[in-house]
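Just so we're aligned: 174 in full-length UniProt numbering is position 174 of the sequence shown, and the numbers increase by one with no gaps anywhere.
This report concerns only the one structure given below.
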Amino acid sequence: MMIMSKHKKYPKRPVDLLSSTATTAAALKNISALPTTGIFDHTNRPGTIEWKEPKLTYQPLKTDDDGGAGKEVVLGPVYRLPVDSDDAAGTQIDLKWTYANLKVRPERITIEAVGPNKATWTVSVMEGTMTSATWDLRATPSYSPLIEGYYTLQVHDQRGHDSLPKPGWLLPDSKMKIALYKTTEGNNHVGEKIARKRTD
Numbered sequence: 001m002m003i004m005s006k007h008k009k010y011p012k013r014p015v016d017l018l019s020s021t022a023t024t025a026a027a028l029k030n031i032s033a034l035p036t037t038g039i040f041d042h043t044n045r046p047g048t049i050e051w052k053e054p055k056l057t058y059q060p061l062k063t064d065d066d067g068g069a070g071k072e073v074v075l076g077p078v079y080r081l082p083v084d085s086d087d088a089a090g091t092q093i094d095l096k097w098t099y100a101n102l103k104v105r106p107e108r109i110t111i112e113a114v115g116p117n118k119a120t121w122t123v124s125v126m127e128g129t130m131t132s133a134t135w136d137l138r139a140t141p142s143y144s145p146l147i148e149g150y151y152t153l154q155v156h157d158q159r160g161h162d163s164l165p166k167p168g169w170l171l172p173d174s175k176m177k178i179a180l181y182k183t184t185e186g187n188n189h190v191g192e193k194i195a196r197k198r199t200d
């Protein structure tokens with residue numbers, strides 16, 4: 001007579017490759033396999049974007065009032081505006097991100113830049129499987145030029161930037177802020193002033 005054990009071995013729960021603990025490579029391979037629609041219960045979080053580029057950089061001020069080392073100043077992400085359409089330096093901003101908790105593949109991703117005057121520029125509209133884009137500052141229309149200041153990048157799926165949180169679906173993201181500056185006469189530039197304002 002065979003004695004059955006009281007403890008059954010259950011198969012391990014499949015690993016969610018799009019969770020924040022999964023590797024980026026594994027997550028990217030599986031985005032295209034996700035459905036473009038679905039209903040999930042409240043135990044699932046909305047999908048979010050985790051920015052990989054650009055990155056913030058920090059540099060201490062040379063000295064403080066007492067002559068010692070000063071506090072750190074945020075220097076990035078700060079980019080120079082192109083002088084004209086032939087200006088090759090500082091004209092492209094590379095954007096890279098990964099997803100966490102995503103269970104529904106976006107049909108398309110839209111990235112928009114909202115400027116200091118609340119005007120909005122479309123940076124890119126792409127397939128929902130993409131995880132990188134390039135903002136070419138020279139491609140801005142002459143009738144709506146970029147101005148100096150802070151730009152908030154809004155990233156959303158086909159439902160729009162004001163869509164409500166939904167389990168498994170991409171949550172609109174507006175965490176990334178980028179500063180654009182113009183060169184001025186001499187070797188100083190207003191990007192230094194922008195960087196210091198961020199610490200005030």
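Glycine included, each C-beta is placed from N, C-alpha and C at the ideal position.
Computed from a predicted structure; not experimentally measured.
Would you call threonine 134 buried or exposed, if buried means 16 or more other Cβ atoms sit within 10 Å of its Cβ? Counting Cβ neighbours within 10 Å, threonine 134 comes out exposed, since fewer than 16 surround it.
Where do the N-terminal and C-terminal ends of the beta strand (DSSP E) with glutamate 148 fall, by residue? From DSSP, glutamate 148 is part of no beta strand (DSSP E); its letter is neither H nor E.
State the DSSP-derived secondary structure class of leucine 34, mapped to helix, strand or coil. Of the three classes helix, strand and coil, the one that applies to leucine 34 here is coil, per DSSP.
Alanine 100 (DSSP reduced to helix, strand or coil): Strand, per DSSP.
Determine whether the beta carbon atoms of leucine 95 and isoleucine 111 lie at a separation below 8 Å. Yes, Cβ-Cβ distance for leucine 95 and isoleucine 111 is below 8 Å.
Tell me, which residues are paired with arginine 108 by DSSP? In the DSSP output, where bridge partners are listed per residue, arginine 108 has Glu127.
Along the beta strand (DSSP E) that carries arginine 80, what are the first and last residues, could you check? Element bounds for arginine 80: 78–80.
Buried or exposed: which applies to leucine 137, given that a residue is buried once 16 or more other Cβ atoms fall within 10 Å of its Cβ? The residue in question, leucine 137, is buried, as its Cβ has 16 or more Cβ neighbours within 10 Å.
Buried/exposed call for asparagine 101, threshold 16 Cβ in 10 Å: A residue is called buried when at least 16 other Cβ atoms come within 10 angstroms of its Cβ; asparagine 101 meets this threshold and is buried.
Under three-state DSSP, which class holds histidine 119? One detail in the question is off: residue 119 reads as alanine in this sequence, not histidine. It is coil, neither helix nor strand.
Give the range of the beta strand (DSSP E) segment to which isoleucine 49 is assigned. Element bounds for isoleucine 49: 48–53.
Quick one: what does DSSP say leucine 180 is sitting in, helix, strand or coil? Reduced to three states, the DSSP call for leucine 180 is strand.
Grouping DSSP H, G and I as helix and E and B as strand, with all else coil, what is valine 74? Only weak support is given to the placement of valine 74: the predicted model assigns it a pLDDT of 49, under 50, and the value that follows is read from those uncertain coordinates. Strand, per DSSP.
Report the option in Pro35, Ala113, Thr37, Gln92 whose CA atom is closest to the CA atom of methionine 176. Cα-wise, what sits closest to methionine 176 is Ala113.
Between which two residues does the beta strand (DSSP E) harbouring threonine 134 extend? From DSSP, the beta strand (DSSP E) with threonine 134 extends over 132–136.
Is it true that the stretch 76–83 meets the stretch 165–179, where meeting means three or more beta-carbon pairs spaced less than 8 Å apart? Note that the stretch 76–83 touches the stretch 165–179; at least 3 beta-carbon pairs, one per stretch, sit closer than 8 Å.
In the DSSP output, what is histidine 156 paired with across the bridge? By DSSP's assignment, histidine 156 forms a beta bridge with Thr110.
Proline 106 and glutamine 154 closer than 8 Å at C-beta: Cβ atoms of proline 106 and glutamine 154: not closer than 8 Å.
Do glycine 160 and glycine 38 count as a contact pair if the criterion is CB distance below 8 Å? Cβ atoms of glycine 38 and glycine 160: not closer than 8 Å.
DSSP has leucine 171 in a bridge; who is on the other side? For leucine 171, no pairing in a beta bridge is given by DSSP.
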